[in-house]
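Accompanying notes for the structure given below.
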Amino acid sequence: MEHDTSDQPRDDGADGDLPDSDAEWRDRLSEEEYRILREAGTEPPFSGEYVDHKDDGTYACAGCGAELFDADTKFESGCGWPSFYDVDDDRVETRQDNSHGMRRTEVLCANCGGHLGHVFEDGPDPTGQRYCINSVALEFEDEDE
């Protein structure tokens, strides 16, 4: 999986200067961000800052700042993590995840490869998808700021 590390200005809010090594990622991220974004960890359900968050704006990757989800696509799924029903295809990548004895589809930031969460096929219309995302993997950008 290749990620854009150029210094060209980006229109998605992403930081074009990504860490080149594991040590640089550890310096850049908090311990919890590193565990989730770089080691595919998961925060406990209903513990995240954005589970019940309802403000207008954009959710970006906490690892690189790339815009990911519009708040208009966020919905209450009851799963314990922020849930979204849609995302631009160029913002995320997916891959099969067979960890923990389950078959799931992992969601990663297309810019930095950070683990965001998983997508399931039990979401609302119009997509039928539920992007179940760790709050720690997100930063919120308020529409009014």
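In the working numbering, the protein residues as written are -10 to 134. Cβ atoms here follow ideal geometry from the backbone N, Cα and C, with glycine treated the same way.
Find out if the Cβ-Cβ distance for the pair alanine 55, cysteine 121 is shorter than 7 angstroms. For the purposes of this step, residue 55 is identified with residue 66 of the sequence shown, where counting begins at 1. For the purposes of this step, residue 121 is identified with residue 132 of the sequence shown, where counting begins at 1. Their beta carbons are not under 7 angstroms apart, which means alanine 55 does not touch cysteine 121 by this criterion.
Alpha carbon to alpha carbon, how far is proline 33 from threonine 116? Give it in angstroms, no decimals. Reading the sequence shown from its first residue, position 127 is the one you call residue 116. Reading the sequence shown from its first residue, position 44 is the one you call residue 33. Each residue's Cα considered, the two are about 26 angstroms apart.
In DSSP terms, what aspartate 86 is bridged to: Position 97 of the sequence shown, counted from the start, is the residue given in the question as residue 86. Looking at the DSSP assignment, aspartate 86 forms a beta bridge with Arg93.
Below 8 angstroms, how does it come out for the region 17 to 26 and the region 42 to 52: are there three or more Cβ pairs, yes or no? Counting C-beta pairs with one atom in each stretch, the region 17 to 26 and the region 42 to 52 have three or more that are closer than 8 angstroms, which means they touch.
Helix, strand or coil for serine 36, going by three-state DSSP, please let me know. For the purposes of this step, residue 36 is identified with residue 47 of the sequence shown, where counting begins at 1. Under the three-state reduction of DSSP output, serine 36 falls in the coil class, being neither helix nor strand.
In the DSSP assignment, find the beta strand (DSSP E) that holds tyrosine 48 and state where it starts and stops. If you number the sequence shown from 1, residue 48 lands on position 59. First-last of the beta strand (DSSP E) with tyrosine 48: 46 to 50.
Which residue's Cα is closest to the Cα of serine 124: Glu13, Arg17 and Cys68? Taking the sequence shown and counting its residues from 1, the one referred to as residue 124 is at position 135. For serine 124, the closest alpha carbon among the candidates Glu13, Arg17 and Cys68 is that of Cys68.
With a CB to CB cut of under 6 angstroms and the five nearest residues on each side skipped, what residues in its chain are close to phenylalanine 109? Here residue 109 is taken as the residue at index 120 of the sequence shown, counted from 1. Within the same chain, phenylalanine 109 has close Cβ partners Arg119.
Proximity winner among Tyr39, Asp45, Ser19 and Asp133, relative to alanine 60 (alpha-carbon distances): Position 71 of the sequence shown, counted from the first residue, corresponds to residue 60. Comparing Cα positions, the closest option is Asp45.
Candidates Gly103, Asp131, Asp114 and Pro113: which alpha carbon is nearest arginine 15's? Translated into positions along the sequence shown, residue 15 becomes position 26. Checking every option, the nearest Cα to that of arginine 15 belongs to Gly103.
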